[in-house]
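S.K.: Here's a structure for you.
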């Protein structure tokens with residue numbers, strides 16, 4: 005019978021295999037075009053990529069045209085000693101880290117104060133370690149978000165959406181680029197066309213929060229000055245010159261926002277996500293127009 009250690013190793017190996025999602029070259033190309041000014045003369049490191057990855061193929065094939073000073077990739081764990089040594093000598097990290105290790109990866113970028121452009125799950129915004137970085141403007145979204153398909157290993161045990169030329173692909177529509185590199189879309193005002201006062205029924209107040217609910221980011225009203233709860237996808241449109249992020253529903257859960265300011269007077273329920281007509285709304289960001 006296998007020992008406990010062997011079982012643990014097998015479980016870890018299986019979990020790691022299920023966490024392998026290989027970025028398509030067209031998605032890398034679409035995003036990279038927005039950062040060429042950052043790449044010239046830079047030492048770039050893809051610390052979660054092997055030679056066959058789209059990131060490695062992209063950078064090695066465009067080494068001279070991009071004007072890179074140096075490019076490295078690593079087949080080792082990004083937390084290894086060798087990988088960390090290369091990281092210390094690098095300027096920008098561009099890769100697709102394992103989604104299950106996203107917290108640790110961002111933590112490493114913060115510790116070593118590195119510029120980065122990486123892929124992650126939208127729900128990472130809700131992590132206690134990640135949300136404060138988003139709110140403070142330390143980390144933000146990239147340009148071409150909502151990456152749809154990834155290549156997965158031949159022995160991937162999860163659902164495969166289609167196979168082409170013997171290669172398996174899985175759909176993951178909620179993955180986004182996370183970065184701390186400036187780009188042209190970051191300070192582009194969201195055009196607001198809908199009126200709150202002409203469509204009040206579309207903006208119900210929360211049962212428990214002193215705010216109105218906005219289900220669609222493009223429906224944020226141009227004539228409302230109070231607090232609004234918007235979906236996480238708001239971050240793809242967020243211009244810090246246009247909106248102020250007050251916090252998130254999870255900040256109320258974590259005790260980071262004052263109860264008296266954001267919770268309706270007389271509310272007797274649990275501290276929870278925003279509720280509209282008795283129904284919970286999935287993760288909302290609380291914002292105001294500037």
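Residue numbers (my numbering): 5 to 294. Where a beta carbon is used, it is the ideal one built from N, C-alpha and C, also for glycine.
(1) If you measure between the beta carbons of residue 139 and residue 251, is that distance less than 8 Å?
(2) Which same chain residues, not among the five before or five after residue 70, have their C-beta less than 8 Å away from its C-beta?
(3) Kindly identify the DSSP beta-bridge partner or partners of residue 74.
(4) Report the residue from 144, 223, 37 and 99 whose alpha carbon sits nearest the alpha carbon of residue 78.
(5) Name the residue from 85, 36, 80 and 214 whose alpha carbon lies nearest to the alpha carbon of residue 61.
(6) Using CA coordinates, which residue listed in 72, 52 and 236 is at the minimum distance from residue 125?
(7) Return the CA-CA distance between residue 105 and residue 204, expressed in angstroms with no decimal places.
(8) Check whether the Cβ atoms of residue 293 and residue 253 sit closer than 8 Å, and answer yes or no.
(9) Would you be able to state if there are at least three C-beta pairs under 8 Å between the region 216 to 231 and the region 113 to 127?
(10) With DSSP collapsed to three states, give me the class of residue 89.
(11) Of the choices 262, 221 and 184, whose alpha-carbon is the least far from that of residue 197?
(12) Does the beta-carbon distance from residue 199 to residue 238 come in below 8 Å?
(13) State the Cα-Cα distance for the pair residue 68 and residue 84, rounded to the nearest angstrom.
(14) For a test of the three-state rule: what should DSSP assign to residue 279, helix, strand or coil?
(15) Using a 10 Å radius around the Cβ and a threshold of 16 neighbouring Cβ atoms, would you call residue 245 buried or exposed?
M.R.: Answer, in terms of the structure:
(1) Taking the chain shown and counting its residues from 1, one reaches residue 139 at position 135. Taking the chain shown and counting its residues from 1, one reaches residue 251 at position 247. Closer than 8 Å, so yes.
(2) For the purposes of this step, residue 70 is taken as residue 66 along the chain shown, with counting starting at 1. Here the set comprises 40, 43, 44 and 63.
(3) Reading the chain shown from its first residue, position 70 is the one you call residue 74. Under DSSP, residue 74 takes part in a beta bridge, and its partners are 47.
(4) Along the chain shown, read from residue 1 onward, the residue named residue 78 stands at position 74. When only C-alpha atoms are compared, the closest one is 99.
(5) As a first step, residue 61 must be located in the chain shown, where it is residue number 57. Out of 85, 36, 80 and 214, 36 has the C-alpha closest to the C-alpha of residue 61.
(6) Residue 125 sits at position 121 when you count from the first residue of the chain shown. The candidate whose alpha carbon is nearest that of residue 125 is 236.
(7) Walking along the chain shown from the start, residue 105 turns up at place 101. Walking along the chain shown from the start, residue 204 turns up at place 200. If I take the Cα positions, the gap works out to 43 Å.
(8) Start at 1 with the first residue of the chain shown, and residue 293 comes out as number 289. Start at 1 with the first residue of the chain shown, and residue 253 comes out as number 249. The criterion of a C-beta distance shorter than 8 Å is not satisfied by residue 293 and residue 253.
(9) No, they do not touch.
(10) As a first step, residue 89 is located in the chain shown; it is residue number 85 there, counting from the start. In the structure shown, residue 89 sits in a helix (DSSP, three-state: H, G or I).
(11) The sequence position of residue 197 within the chain shown is 193, counting from 1. The option with the nearest alpha carbon to residue 197 is 221.
(12) Stepping through the chain shown from its first residue, residue 199 is reached at position 195. Stepping through the chain shown from its first residue, residue 238 is reached at position 234. Cβ distance not < 8 Å, so residue 199 and residue 238 don't count as in contact.
(13) For the purposes of this step, residue 68 is taken as the residue at position 64 of the chain shown. For the purposes of this step, residue 84 is taken as the residue at position 80 of the chain shown. Looking at the two C-alpha atoms, the distance is approximately 29 Å.
(14) Here the question's residue 279 lines up with position 275 in the chain shown. Note: residue 279 maps to strand in three-state DSSP.
(15) As a position in the chain shown, residue 245 is number 241, starting the count at 1. A residue is called buried once 16 or more other Cβ atoms fall within 10 Å of its Cβ, and residue 245, having fewer, is exposed.
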